[in-house]
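In the working numbering, the protein residues as written are 27 to 412.
For each residue, glycine too, the CB sits at the ideal point set by N, CA and C.
Quick caveat: nothing in here was measured; it's all calculated off a predicted structure.
For reference, the structure is listed below as structure tokens.
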């Protein structure tokens, strides 16, 4: 099958959607399909061989953050040229409501279009100003995929249509086979030591790092060998200053890490903690930690509960409760058998998120979309966004 995949966000800046697109493309190629990915990127960027650059992206304040996107007449021409040359059996666009390449691709498509919705966005000022174009856009999408139950709910309740729920995938072998960082994770003797990990923006309130920090401080006073390994963007002073001076030596900060080093970091801890307080539609980091064979401790958010099979594949604690988190950490650090049982269940759960498995489900949606269009060519005439 000839498959065209469109990413709306720049490949010059790492991100969840970009990683999803690359992993899906490589899984589909591994299954024997011909795949081309179109994405914004500088012309001199080092890109995988299956990625075609649509030109440099520009930053745009969008939906509460800044997205690096490509839009306008030049981008439209490049999208149309790529579609014509590709002669794809199916076009798969990601986040088509973002004013970027995916939106342009939908409006330029002449065959079956599959759209994946990653976020649970229900409104934006950009979309509110373009309701007519939005309706045209939705009518041209043949089949929809949502990466979470929340994203699917938005499709049903706000976008006049359903969606097949297919979760984000994870390349299990990449995490399971990663080597721990030198000197990690160290010993985990009951009552004395152990290693806890956190990855993310520790200054972002909804990531819940202060909850973990409070639990760690209380626990570290009792366990002189306890260590905390933190990775993610941020200023080291912002991380270390809130810790008591006598405990700062027990905290290690890696800063922003590459994808390979993220896998190594997750293999370097006994417990991975996700203390998030809300705003999560899936929980990708949980599947990555499970793939690394690390015991997961997570706040009891609906999205996390779904990934962890209701608590069978990881320990859940009441959201926002540092005392409950401290108790859960102490219990698991002192009980290797319980950690092993959670990890064994995690292995079973994460197998369903392995990219070859997820890619086959995506292929089923492609086949349904192709059958639904039955080879018909869609009228390409549209106005207002070219």
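Determine the direct distance from the alpha carbon of residue j to that of residue i, and round the result to whole angstroms.
i           : j           : result
residue 196 : residue 380 : 5 angstroms
residue 333 : residue 304 : 15 angstroms
residue 278 : residue 110 : 51 angstroms
residue 238 : residue 200 : 27 angstroms
residue 73  : residue 37  : 8 angstroms
residue 257 : residue 281 : 5 angstroms
residue 293 : residue 119 : 33 angstroms
residue 390 : residue 77  : 23 angstroms
residue 155 : residue 252 : Residue confidence is low: residue 155 scores 49 on pLDDT, short of 50, so the model does not pin down where it sits. No coordinate-derived value is stated.
residue 212 : residue 225 : 19 angstroms
residue 52  : residue 271 : 46 angstroms
residue 56  : residue 388 : 14 angstroms
residue 329 : residue 145 : 13 angstroms
residue 35  : residue 166 : 21 angstroms
residue 356 : residue 30  : 49 angstroms
residue 97  : residue 107 : 15 angstroms
residue 179 : residue 306 : 14 angstroms
residue 283 : residue 399 : 43 angstroms
residue 40  : residue 368 : 31 angstroms
residue 14  : residue 122 : The shown model of the chain, from 27 to 412, leaves out residue 14, and the question about it has no answer.
residue 75  : residue 217 : 51 angstroms
In three-state terms, what does DSSP make of residue i?
i           : result
residue 414 : Because residue 414 is not part of the residues shown, which for the chain are 27 to 412, the question remains open.
residue 383 : helix
residue 124 : coil
residue 155 : Note that residue 155 has pLDDT 49, beneath the 50 cutoff, so the model's placement of it is unreliable and the number below is only indicative. Three-state DSSP puts residue 155 in coil, outside helix and strand.
residue 228 : coil
residue 274 : helix
residue 31  : strand
residue 237 : helix
residue 178 : helix
residue 244 : helix
residue 367 : helix
residue 114 : coil
residue 303 : coil
residue 324 : strand
residue 293 : coil
residue 266 : helix
residue 341 : strand
residue 400 : coil
residue 483 : Residue 483 cannot be examined here, being either before or after the span of the chain that is shown, 27 to 412.
residue 393 : helix
residue 315 : helix
Return the bridge partner residues of residue i from the DSSP annotation.
i           : result
residue 223 : 255 and 298
residue 378 : For residue 378, which the question treats as bridged, DSSP gives no partner whatsoever.
residue 281 : 257
residue 171 : 142 and 190
residue 308 : Partner(s): none; residue 308 has no beta bridge.
residue 119 : 32 and 141
Answer yes or no: does any C-beta atom of chain B fall closer than 7 angstroms to that of residue i?
i           : result
residue 278 : This model lacks chain B altogether; it includes just one protein chain.
Exercise for the section: Could you tell me whether the stretch 201 to 208 touches the stretch 159 to 177, where touching means 3 or more Cβ pairs closer than 8 angstroms? Expected result: no
Exercise for the section: Would you check if there are 3 or more beta carbon pairs closer than 8 angstroms linking the stretch 319 to 328 to the stretch 246 to 262? Expected result: By the criterion of at least three beta-carbon pairs nearer than 8 angstroms, the stretch 319 to 328 is not in contact with the stretch 246 to 262.
Exercise for the section: For the stretch 102 to 122 and the stretch 132 to 147, state whether three or more C-beta atom pairs, one from each stretch, are separated by less than 8 angstroms. Expected result: yes
Exercise for the section: Flag this pair as touching only if the stretch 296 to 312 and the stretch 220 to 240 have three or more C-beta atom pairs under 8 angstroms; answer yes or no. Expected result: yes
Practice task
Could you tell me whether the stretch 308 to 320 touches the stretch 332 to 349, using the rule of 3 or more Cβ pairs below 8 angstroms?
Solution key: Contact holds: three or more Cβ-Cβ distances are below 8 angstroms.
Handout entry: Ranges of the beta strand (DSSP E) found wholly within the stretch 34 to 104, counting only runs of at least 3
Key = 60 to 65, 77 to 79, 84 to 88 and 91 to 95
Problem - At least 3 beta-carbon pairs within less than 8 angstroms: the stretch 42 to 49 vs the stretch 57 to 68 - result: yes
Exercise for the section: Report yes or no: do three or more beta-carbon pairs, one from the stretch 362 to 369 and one from the stretch 342 to 352, lie closer than 8 angstroms? Expected result: The stretch 362 to 369, when compared against the stretch 342 to 352, does not touch it at the 8 angstroms Cβ threshold.
Exercise for the section: With a floor of 4 residues, list each alpha helix (DSSP H) that falls wholly inside the stretch 189 to 218, ordered by position along the chain. Expected result: 198 to 202
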